[in-house]
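S.K.: Take this structure first; my questions come after.
Residue numbers (full-length UniProt numbering): 1 to 455.
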């Protein structure tokens, strides 16, 4: 085998790495991974089996191994930390910021988590981690890191620079220096530029900016994300009920949250009931998909019952059966369009958004316009192209109009109701709304046919 001398995110390198692990060629492993991005290394380790991944991690420096651990896929991460001794994992957590450490520790049972914390070298980090574990993981308190740089308003520039050097050792990225009073109340922020340009005896109170956006510990992560997006913030300070500075949230943390929630919404919209990935086992993926598929099958069987109920009418007008797919497909499409728009609006809430009642009226007007256009179009095709009687064309056209109205109503109201009860409204954009509209659409279709065609 001719070894690859440098890291490359490819199948060829993966095979070379596996061979090197098998023959314990530690020099190749460490030299080829040196300088590689930790996210790329994590992607490679996700492809290795558990023993191989841990073997590689143990060859790397604690700082690099800790950074890779943060980037691992959650399934791989859980397997790795279960295999590690408490003292070994604690050595890696000592290298992390508190928020990243908590993200790993919450994946462990309480007893094992306490064992790891007891091995941490820094007592301050232990206290910070225990403090963060009190908060809900999707709240501002759960997202924040306890490592940040602050300056007292009474310090001069020289004192502040010394403190920045001291505090900065524990902070991976410096976005802002927050200004507090003697009781740790958040007052504002001061930029590094102002500190550098100010004279040595200038007090922070004379150069800091009091206008500062902060978030409370209990604020939901989605609201924090919206604030940071709206005001283009790289970081935001977190305060407690007494306005005391307790942490900061960086854009990296928010991007992770947005990605996770987008994946959850996408899976909910496609009818997957659990958090799964393509790399998961066949059983796990099947288990996540089956519930909504079974609901869809049950809905189809109920649809068959509805059609069977109108069997006598169908025997008189066989042509009615030809238009069942048209009605069902249109109802499903309209419902998904309506629900998707409402879910999108709910995801980006604003004080200027319409009230639920205004949304309903607007959705109804849109449905009337679409229903009239589609109904008229179907009537014209059925009568003038297919050559059916006008009464039959009117039946299909009116049924189409009614189905569009009903599907639009369901697609608008369902996500609003789910959101009101704290249920993810994205569920309304998937198989749920499609199955419901299929059943209701069939009932309306045959109901109109019975009335107009005297079945």
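Beta carbons: idealized from backbone N, C-alpha and C, even for Gly.
1. Grouping DSSP H, G and I as helix and E and B as strand, with all else coil, what is residue 151?
2. Mind checking whether residue 138 and residue 220 have CB atoms under 9 Å apart?
3. For residue 416, is the classification buried or exposed, using 16 other Cβ atoms within 10 angstroms of its Cβ as the cut-off for buried?
4. The alpha helix (DSSP H) that contains residue 418, what's its start and end?
5. Is DSSP giving residue 249 helix, strand or coil here?
6. Consult DSSP for residue 233 and reduce its assignment to one of helix, strand or coil.
7. Look up residue 239 in the DSSP assignment and say whether it is helix, strand or coil.
8. Check residue 213 in the structure and name its three-state DSSP category.
9. Which residue from 161, 409 and 78 puts its Cα closest to that of residue 359?
10. Under 9 Å, do residue 364 and residue 405 count as touching if we go by C-beta distance?
11. Give the straight-line distance between the Cα atoms of residue 292 and residue 431, rounded to the nearest whole angstrom.
12. Below 8 Å CB to CB, which residues in the same chain sit around residue 4 once its five sequence neighbours on both sides are set aside?
13. Roughly how many whole angstroms lie between the Cα atoms of residue 374 and residue 258?
14. Out of curiosity, what's the CA-to-CA distance linking residue 41 and residue 69?
15. Report, in whole angstroms, the separation of the C-beta atoms of residue 135 and residue 90, which I expect to be a contact under 8 Å.
16. Span of the beta strand (DSSP E) holding residue 188?
17. Examine the Cβ distances between the segment 245–257 and the segment 143–151 and report whether three or more of them are shorter than 8 Å.
18. Mapping DSSP to helix, strand and coil, what is residue 135?
19. Whole angstroms is fine: what's the gap from residue 264's alpha carbon to residue 304's?
20. Could you tell me the alpha carbon to alpha carbon distance between residue 396 and residue 390, rounded to whole angstroms?
21. Taking contact to mean 3 or more Cβ pairs, one atom from each stretch, closer than 8 Å, check whether the segment 209–225 and the segment 184–201 are in contact.
22. Under the three-state reduction of DSSP, which class applies to residue 49: helix, strand or coil?
23. For residue 266, count the other beta carbons within 10 Å of its own beta carbon; 16 or more makes it buried, fewer makes it exposed. Which is it?
24. For residue 76 versus residue 105, is the C-beta spacing smaller than 9 Å?
25. Consult DSSP for residue 433 and reduce its assignment to one of helix, strand or coil.
26. Would you kindly check if the distance between the Cβ of residue 444 and the Cβ of residue 399 is under 9 Å?
27. Whose C-beta lies closer than 6 Å to the C-beta of residue 66 among residues of the same chain, with five residues either side of it excluded?
28. Which partner residues of residue 177 appear in the DSSP bridge assignment?
29. Hey, residue 21 and residue 52: beta-carbon distance below 9 Å or not?
30. Count the other C-beta atoms from every protein chain shown that fall within 10 angstroms of the C-beta of residue 325, then say buried if there are 16 or more, exposed otherwise.
31. Note down the Cα distance separating residue 133 from residue 372, rounded to an integer number of angstroms.
32. Considering only C-alpha positions, which residue in the set 36, 50, 49 and 87 is nearest to residue 64?
M.R.: The relevant details are as follows:
1. strand
2. yes
3. buried
4. 390–420
5. strand
6. coil
7. strand
8. coil
9. 409
10. yes
11. 7 Å
12. Any reading at residue 4 needs caution, since the residue's pLDDT is 44, under 50, leaving its predicted position unreliable; the model's value is listed next. 12, 13, 16 and 32, listed in sequence order.
13. 38 Å
14. 10 Å
15. Not confirmed; about 22 Å, so no contact.
16. 186–190
17. yes
18. coil
19. 32 Å
20. 10 Å
21. yes
22. coil
23. exposed
24. no
25. helix
26. yes
27. 92, 95 and 96
28. 149 and 190
29. yes
30. exposed
31. 56 Å
32. 36
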